[in-house]
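Undergrad:
There are 2 protein chains.
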Amino acid sequence: MSNNRPLILVCNDDGYSAPGINCLVEAMKPLGEVVVVAPDKPQSGMGHAITINATLRLQEHKREDGIKVFACSGTPVDCIKMAVKVVVDRRPALIVSGINHGANHSINVIYSGTMSAAIEGAMEGIPSIGFSLLDYSIDADFTAAGEIARKVAAQVLENGLAPNTCLNVNVPKLPLDQIRGIRICRQAKAYWREDFEERVNPYGKKYYWLAGDFENRDEGTDTDVWALENQYVSVVPTQYDLTHHSGLEALKTWEF
Amino acid sequence: MSNNRPLILVCNDDGYSAPGINCLVEAMKPLGEVVVVAPDKPQSGMGHAITINATLRLQEHKREDGIKVFACSGTPVDCIKMAVKVVVDRRPALIVSGINHGANHSINVIYSGTMSAAIEGAMEGIPSIGFSLLDYSIDADFTAAGEIARKVAAQVLENGLAPNTCLNVNVPKLPLDQIRGIRICRQAKAYWREDFEERVNPYGKKYYWLAGDFENRDEGTDTDVWALENQYVSVVPTQYDLTHHSGLEALKTWEF
């Protein structure tokens, strides 16, 4: 009987036991049959990485509410591929990824395992959404983000999404009643100004930590960064064609 | 004196000692001062992954021709970040990545460590090019690809590239005199139809290998796949804004 309900696949990049994914599972339960396939360890910053020179494993875990959870030894993108091809026996109606512990707005989308899972879902032709909360803390309050996730997911189940696109949803770190609404945005032209912290290990060898500051060079009020700074949820329709179409003609004048 | 020559940073995803990167170094030597910062082990399929929960190391290696080679313990994108921030003392005029052992056309660009290094270069504001040869063999003949890399790199040094773009160059597996020319293309709408091969280890546990077939669903004659199948080198201008701009207005009609 439960098979009449839409199948909702839940993934993330913080790992199958992270608070954010548990919140997302709870948010999805009223909307359909939920199955979780998520990394068995944190996979932040993995971007669209896949595992091609090593093997993959799946480990099933039981939740008290009976929802099946599969911990996958690979990246978030591996999780989506394995979920669709190995785990589920019918086509998911929706893929949701997150709720990420930390922002995935602007340029962060390209580094984000959370969003790469959603993009891979779109590549599979399945409506997909990535959710992130602007709070890196393990003790973050996901209440508002969960409510918003349910609202956006319900709309996507109802309306579908344009082919080859998914949604990138970021939620400000605010109680629900202080969030001013949901804004459809483009990704801001914002960057990381990185630096590497050099240290020396106890054996005299140098090593480095990647560190950096975030820099928004985009003054637009139609961006995700603007929305989030102004107490809105940002929703960016996200695609994966990397061709710079408007640059094609100029290159054709080059003489090789 | 050598500092008057343009600085060319060379990276890849197959590792600092792969035949493809050695060919690329040789191709770049007539064009400028070359420095190599590349992964210390194969990093194929790493996409735009970065190392944020672990430390990074750099190991310097000497080549007989005096060119400095730094092997980095991270991903191709880490290599670019470390190269620009830690290794070089002036701004590279050009970043080249490759020559990859295997194709990076169509959708492969999003999974490719080679191309992610070039995209990261573009994000740094440095003209960048990724090169790939349609031959996965470790014994592949890179002669033609090296000639083409030099030709394209020389053009980019002369003309520059549009902001926020890099080039994705794929070379067919052919001798130079059988290559019909260089075509400016868009990325084809082609996909991997994946499957997972299930095996059982000696201790009775299941594991999986990612496998799959490549499927071109794009009939266009303006695509990289078409060019390569017709004995041309494909050059795709590549960007990293993932916003689906034409989808913004439709979403604004949704009621949240």
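Residue numbers (our numbering), protein chains in the order written: chain L, 3 to 258; chain D, 3 to 258. Just so you know, even glycine gets a beta-carbon here, dropped at the ideal spot from N, CA and C.
1) Thinking C-alpha only, which one of D:A213, D:E66 and D:S134 is nearest K87 of chain L?
2) Checking contacts by CB at 8 Å: is D15 of chain D closer than that to chain L?
3) Indicate the three-state DSSP secondary structure (helix, strand or coil) for V237 of chain D in the structure shown.
4) Below 7 Å on C-beta distance, what does D243 of chain D contact in chain L?
5) For the pair the region 93-113 of chain L and the region 131-147 of chain L, tell me if three or more CB-CB distances fall below 8 Å.
6) Based on the DSSP secondary-structure assignment, which residues constitute the bridge partners of A40 of chain D?
7) Between the alpha carbons of L229 of chain D and D141 of chain D, how many angstroms are there, rounded?
8) When the Cβ atoms of the region 8-18 of chain D are set against those of the region 28-45 of chain D, are three or more pairs found closer than 8 Å?
9) Residue range of the alpha helix (DSSP H) that K208 of chain D falls in?
10) What number of angstroms, rounded off, separates the C-alpha of A124 of chain L from the C-alpha of R188 of chain L?
11) Measuring alpha carbon to alpha carbon, tell me which of L:P21, L:E257, L:K70 and L:V79 ends up nearest G148 of chain L.
12) Is the separation between the beta-carbon of K191 of chain D and that of R219 of chain D shorter than 8 Å?
13) Could you tell me the alpha carbon to alpha carbon distance between A40 of chain L and S108 of chain D, rounded to whole angstroms?
14) Using the three-state DSSP reduction, which class does H247 of chain D fall into: helix, strand or coil?
15) If you draw a straight line from the alpha carbon of T245 of chain L to that of E122 of chain D, how long is it in whole angstroms?
16) Which runs of the beta strand (DSSP E) fall wholly inside the region 149-224 of chain D and span at least 3 residues, in chain order?
17) Distance cutoff 8 Å, beta carbons only. Does G49 of chain L sit that close to anything in chain D?
18) Ignore the nearest five residues each way along the sequence and tell me which others in R182 of chain L's own chain have a CB closer than 6 Å to its CB.
19) Is DSSP giving S134 of chain D helix, strand or coil here?
20) Apart from the five residues just before and just after K208 of chain D, which ones in its own chain have a Cβ nearer than 8 Å to its Cβ?
21) Pairing CB atoms from the region 49-56 of chain L with CB atoms from the region 36-55 of chain D, are three or more of them under 8 Å?
22) With the cut-off set at 8 Å, would you say S118 of chain D and V79 of chain D are in Cβ contact?
23) Using a Cβ-Cβ cutoff of less than 8 Å, which residues in the same chain neighbour M3 of chain L once the five nearest sequence positions on both sides are dropped?
24) From the DSSP output, in three-state form, read off G49 of chain L for me.
25) So A164 of chain L contacts chain D; which residues on that side make the cut at Cβ distance below 9 Å?
26) Indicate whether A164 of chain D and A146 of chain L have their beta-carbon atoms separated by less than 8 Å.
27) Figure out for me which residue from D:H247, D:F144, D:E221 and D:N110 has the closest Cα to the Cα of L178 of chain D.
28) Which value, in whole angstroms, describes the spacing of the CA atoms of G206 of chain L and N14 of chain D?
29) Smallest Cα separation from K70 of chain L: which of L:E62, L:G76 and L:T77?
30) The beta strand (DSSP E) with S99 of chain L in it runs from where to where?
31) Starting from the beta carbon of T145 of chain L, find every residue of chain D whose beta carbon is closer than 7 Å, and list them in chain order.
32) 8 Å is my cut-off, CB to CB: does S46 of chain L come that close to chain D?
33) Given a cut-off of 8 Å on the beta-carbon distance, is the pair A29 of chain L and R185 of chain L in contact?
TA: Concretely, from the data shown:
1) The sequence position of residue 87 of chain L within the first sequence is 85, counting from 1. When each option's Cα is compared against that of K87 of chain L, the closest is D:A213.
2) Counted from its first residue, the second sequence places residue 15 of chain D at position 13. Taking Cβ atoms only, chain L never reaches closer than 8 Å to D15 of chain D, which makes this a no.
3) For this step, residue 237 of chain D is matched to residue 235 along the second sequence. In the displayed model, V237 of chain D falls within a strand according to three-state DSSP.
4) Residue numbering aside, residue 243 of chain D sits at position 241 when the second sequence is read from its first letter. Ordered by position in chain L, the residues that pass the 7 Å Cβ test against D243 of chain D are Q189.
5) A contact is defined here as three or more CB-CB pairs under 8 Å, and the region 93-113 of chain L meets this definition with respect to the region 131-147 of chain L.
6) Within the second sequence, residue 40 of chain D is the residue found at index 38, counting from 1. Per DSSP, the beta bridge partners of A40 of chain D are D:A73.
7) Position 227 of the second sequence, counted from the first residue, corresponds to residue 229 of chain D. Position 139 of the second sequence, counted from the first residue, corresponds to residue 141 of chain D. The question names Leu, but residue 229 of chain D in the sequence shown is Ala. About 24 Å.
8) These segments touch.
9) Working through the second sequence from its first residue, we reach residue 208 of chain D at position 206. From DSSP, K208 of chain D is part of no alpha helix (DSSP H) but of the beta strand (DSSP E) over K208 to N218.
10) The residue labelled residue 124 of chain L in the question sits at position 122 within the first sequence. The residue labelled residue 188 of chain L in the question sits at position 186 within the first sequence. If you draw a straight line from the Cα of A124 of chain L to the Cα of R188 of chain L, it is about 18 Å long.
11) Within the first sequence, the letter at position 146 stands for residue 148 of chain L. Closest option to G148 of chain L, Cα to Cα, is L:P21.
12) Residue mapping note: residue 191 of chain D aligns to position 189 of the second sequence, counting from 1. Residue mapping note: residue 219 of chain D aligns to position 217 of the second sequence, counting from 1. Yes, Cβ-Cβ distance for K191 of chain D and R219 of chain D is below 8 Å.
13) Position 38 of the first sequence, counted from the start, is the residue given in the question as residue 40 of chain L. Position 106 of the second sequence, counted from the start, is the residue given in the question as residue 108 of chain D. In this structure, the straight-line span from the alpha carbon of A40 of chain L to that of S108 of chain D is close to 27 Å.
14) Position 245 of the second sequence holds residue 247 of chain D. Residue state, collapsed to three classes: helix.
15) On the first sequence, position 243 is the one that residue 245 of chain L refers to. On the second sequence, position 120 is the one that residue 122 of chain D refers to. Pairing T245 of chain L with E122 of chain D, the inter-Cα distance amounts to about 15 Å.
16) Secondary structure remark: continuous beta strand (DSSP E) runs of at least 3 residues inside the region 149-224 of chain D, in chain order: 167-173, 183-186, 192-202 and 208-218.
17) Residue numbering aside, residue 49 of chain L sits at position 47 when the first sequence is read from its first letter. Output row for G49 of chain L: interface = yes.
18) Taking the first residue of the first sequence as position 1, residue 182 of chain L is located at position 180. Only residues of its own chain outside the window of five on either side were considered, and among them Q233 and Y234 have a CB closer than 6 Å to the CB of R182 of chain L, listed in chain order.
19) By one-based count along the second sequence, residue 134 of chain D stands at place 132. It is a strand residue.
20) If you number the second sequence from 1, residue 208 of chain D lands on position 206. E200, R201 and V202.
21) Segments in contact, yes.
22) The sequence position of residue 118 of chain D within the second sequence is 116, counting from 1. The sequence position of residue 79 of chain D within the second sequence is 77, counting from 1. Between S118 of chain D and V79 of chain D, the gap from beta carbon to beta carbon is short of 8 Å.
23) As a working mapping, residue 3 of chain L is identified with position 1 in the first sequence. Residue confidence for M3 of chain L is low, a pLDDT of 46 falling below 50, so the modelled location carries little weight; the figure read from the coordinates is stated next. The beta carbon of M3 of chain L sits closer than 8 Å to no other beta carbon from its chain once the five residues preceding and following it are set aside.
24) For the purposes of this step, residue 49 of chain L is taken as the residue at position 47 of the first sequence. Correct three-state label for G49 of chain L: coil.
25) Taking the first sequence and counting its residues from 1, the one referred to as residue 164 of chain L is at position 162. Identification of chain D residues near A164 of chain L by a Cβ-Cβ cut-off of 9 Å yields H246, S248, G249, A252 and L253, ordered along the chain.
26) As a working note, residue 164 of chain D is residue 162 in the second sequence. As a working note, residue 146 of chain L is residue 144 in the first sequence. Going by C-beta atoms, A164 of chain D is not nearer than 8 Å to A146 of chain L.
27) The residue you call residue 178 of chain D lines up with position 176 of the second sequence. Closest option to L178 of chain D, Cα to Cα, is D:F144.
28) As a first step, residue 206 of chain L must be located in the first sequence, where it is residue number 204. As a first step, residue 14 of chain D must be located in the second sequence, where it is residue number 12. Distance between the alpha carbons of G206 of chain L and N14 of chain D is about 29 Å.
29) Along the first sequence, one-based indexing puts residue 70 of chain L at 68. Of the listed residues, the one whose Cα sits closest to K70 of chain L is L:E62.
30) As a first step, residue 99 of chain L is located in the first sequence; it is residue number 97 there, counting from the start. Start and end: L96 to H103.
31) Residue 145 of chain L sits at position 143 when you count from the first residue of the first sequence. Those within 7 Å of T145 of chain L in chain D number zero; the least Cβ separation is about 17 Å.
32) The residue you call residue 46 of chain L lines up with position 44 of the first sequence. Residue contact check for S46 of chain L against chain D: a CB pair falls below 8 Å.
33) Numbered from 1 along the first sequence, position 27 holds the residue referred to as residue 29 of chain L. Numbered from 1 along the first sequence, position 183 holds the residue referred to as residue 185 of chain L. Note that the C-beta distance between A29 of chain L and R185 of chain L is not below 8 Å.
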